[in-house]
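Contents: one structure, followed by commentary.
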Amino acid sequence: QTFIENNYTQAIAGMKLYDALLVNTIIEGMNLVAKEGPVVNDRNGVLILSATSGVHHQLAEGALTVSPTDIEGTMNALYEAITMTPEDRERRASLLANSVCREDITHWLHRQFLDIADLL
Numbered sequence: 436q437t438f439i440e441n442n443y444t445q446a447i448a449g450m451k452l453y454d455a456l457l458v459n460t461i462i463e464g465m466n467l468v469a470k471e472g473p474v475v476n477d478r479n480g481v482l483i484l485s486a487t488s489g490v491h492h493q494l495a496e497g498a499l500t501v502s503p504t505d506i507e508g509t510m511n512a513l514y515e516a517i518t519m520t521p522e523d524r525e526r527r528a529s530l531l532a533n534s535v536c537r538e539d540i541t542h543w544l545h546r547q548f549l550d551i552a553d554l555l
């Protein structure tokens, strides 16, 4: 079933229950879905993340990385995610959640100020 609407409750429910979350952007700044999913998910879901996502540098260690234009590579990553051992899923989910919690909005804002200071 496909839903095309802006439904916050449905989105949170989906994030809590996913087995695999595919965030396959071609180019963007800071993808919050890739950060929200691992924190909200209750099932040690696997994040499949585009190498060109703005959060890839932060989440790469716990995610499966794909090229946004590689259909076969994305298919293989989805298969790997749904057949992954429970131990590996738990390890990756923990890495992702810890990374997001460690590099929160305060951390991000501090880095922005440091970058501005470097320009002055």
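So for the sequence shown, our numbering puts the first residue at 436; every next one is plus one.
Beta carbons: idealized from backbone N, C-alpha and C, even for Gly.
Between the C-alpha atoms of residue i and residue j, what's the straight-line distance to the nearest angstrom?
i	j	result
L554	L544	16 Å
A495	R546	19 Å
T504	D550	32 Å
H491	L531	11 Å
A448	F548	35 Å
Q493	S534	7 Å
A486	E463	11 Å
Pick helix, strand or coil for residue i, following the three-state DSSP scheme.
i	result
S485	strand
L558	Residue 558 cannot be examined here, being either before or after the span of the chain that is shown, 436 to 555.
I439	coil
D539	coil
query = Given 8 Å as the limit, is there contact between the stretch 515-522 and the stretch 469-476, that is, 3 or more CB pairs closer than that?
reply = no
Minimum length 4: unbroken alpha helix (DSSP H) runs contained in the stretch 449-509 = 467-475, 491-494
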